[in-house]
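Using this note's numbering, the first residue of the sequence shown is number 8, and each one after it goes up by one.
Reviewing the structure listed below.
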Amino acid sequence: MNKILSKIVLIFTLLVGFHANAQEIPSPMSPPRLVNDFAGLLNETEWNRLESKLRAYNDSTSTQIYIIVVNDLLGYDIADYAFRVGEKWGVGQKGKNNGVVIIIKPKVGNERGQAFVAVGYGMEEIIPDAITKRIVDQEMIPSFKQNSYYQGLDAATDVIIDLAQGKYTADQYQNSESPIAGIIFIVIFFLIIILSMRKHNRTNSSSLGKSVPFWIAMSMLGGSGRSSGFGNFSSGSGSFGGFSGGGGGSFGGGGAGGSW
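Structure follows, in structure tokens:
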């Protein structure tokens with residue numbers, strides 16, 4: 008009788024423990040939003056800009072990119088945490104499974120910072136693990152090391168959106184130069200133009216004035232490949248309507264992460 012009672016107590020304890028553990032994963036903030044900052048990492052302007060961009064993308068494509076910032080992973084491995092959140096919140100649309108979950112645990116004291124990008128079943132071919140790893144390592148972590156969390160998240164979501172929209176393929180992104188190298192190239196290019204123009208026009212001061220509009224127009228038209236999104240999305244007032252949360256998407260283990 009005592010053995011039977013002990014087994015019942017053990018089973019009850021395990022069930023209670025499982026239930027408590029399942030409750031640890033947070034629920035989405037209310038009202039529903041795509042940028043869920045439980046750690047207060049982003050200021051209002053930064054939150055508005057990211058929310059505006061991700062909301063506009065969700066509205067036009069139904070693809071959901073969630074940013075979730077937490078101070079504690081509750082004992083979970085960050086990858087496991089990301090997949091659990093994605094499943095619990097139903098990120099992406101049912102049947103399409105076109106959701107992306109970006110989990111950030113900031114660096115606090117001697118605790119390392121961690122980041123992970125989990126992609127739904129429907130996004131795995133568009134953003135394979137190797138590309139996800141590159142996004143984390145090149146777009147996010149360098150900024151995070153400087154405590155520039157908004158810049159890292161803005162750059163990472165730009166790449167994810169561009170890949171999903173087919174602006175370039177995963178292979179093209181994989182083989183591209185880093186953004187820093189591209190910026191340095193552009194700066195050097197225009198410095199050479201300016202210096203050449205000054206040297207050529209020493210005897211004709213009006214020539215520079217006539218030429219400037221041309222190369223400014225070229226720089227505006229040529230661009231640098233990816234936009235920051237600032238010009239396309241208003242910072243807003245912090246009030247967003249018409250978003251009801253996750254659509255029932257599923258996750259199968261695709262994604263990658265890193266730490267700093």
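Glycine residues also receive a C-beta, built at the ideal position from the N, C-alpha and C atoms.
What are the boundary residues of the alpha helix (DSSP H) that includes residue i?
| i | result |
| --- | --- |
| Asn182 | 177-182 |
| Gly262 | No alpha helix (DSSP H) contains Gly262, which is instead part of the beta strand (DSSP E) from 258-266. |
| Gly159 | 156-171 |
| Phe151 | 148-152 |
Can you tell me whether residue i is buried or exposed? The criterion is at least 16 other CB atoms within 10 Å of its CB, across all chains shown.
| i | result |
| --- | --- |
| Val76 | buried |
| Gly249 | exposed |
| Glu94 | buried |
| Pro220 | Note that Pro220 scores 48 on pLDDT, short of 50, meaning its location in the model is unreliable; the coordinates nonetheless yield the value given after this. Pro220 should be labelled exposed. |
| Val98 | buried |
| Leu81 | exposed |
| Ser155 | exposed |
| Phe45 | exposed |
| Gly262 | buried |
| Leu202 | exposed |
| Gln172 | exposed |
| Phe258 | buried |
| Ser59 | buried |
| Glu51 | exposed |
Measure the beta-carbon distance from residue i to residue j and round it to whole angstroms, keeping in mind my assumption that it falls under 8 Å.
| i | j | result |
| --- | --- | --- |
| Pro39 | Gly252 | 4 Å |
| Leu41 | Ile72 | 7 Å |
| Ile32 | Ile74 | In fact, because the Cβ distance is near 16 Å, the residues do not count as touching under 8 Å. |
Which two residues bound the contiguous beta strand (DSSP E) that contains residue i?
| i | result |
| --- | --- |
| Ile138 | Taken as a continuous stretch (DSSP letters only), Ile138 belongs to no beta strand (DSSP E), being part of the alpha helix (DSSP H) at 136-141. |
| Lys112 | 106-112 |
| Phe123 | 121-127 |
- Message: Pairs of beta-carbons, one from the segment 133-143 and one from the segment 167-184, closer than 8 Å: are there three or more?
- Response: yes
- Message: With three or more C-beta pairs closer than 8 Å as the rule, is the segment 120-136 touching the segment 101-112?
- Response: yes
- Task: Ignoring anything shorter than 3 residues or poking outside the segment 17-93, list the beta strand (DSSP E) runs there in chain order.
- Result: 42-44, 71-76
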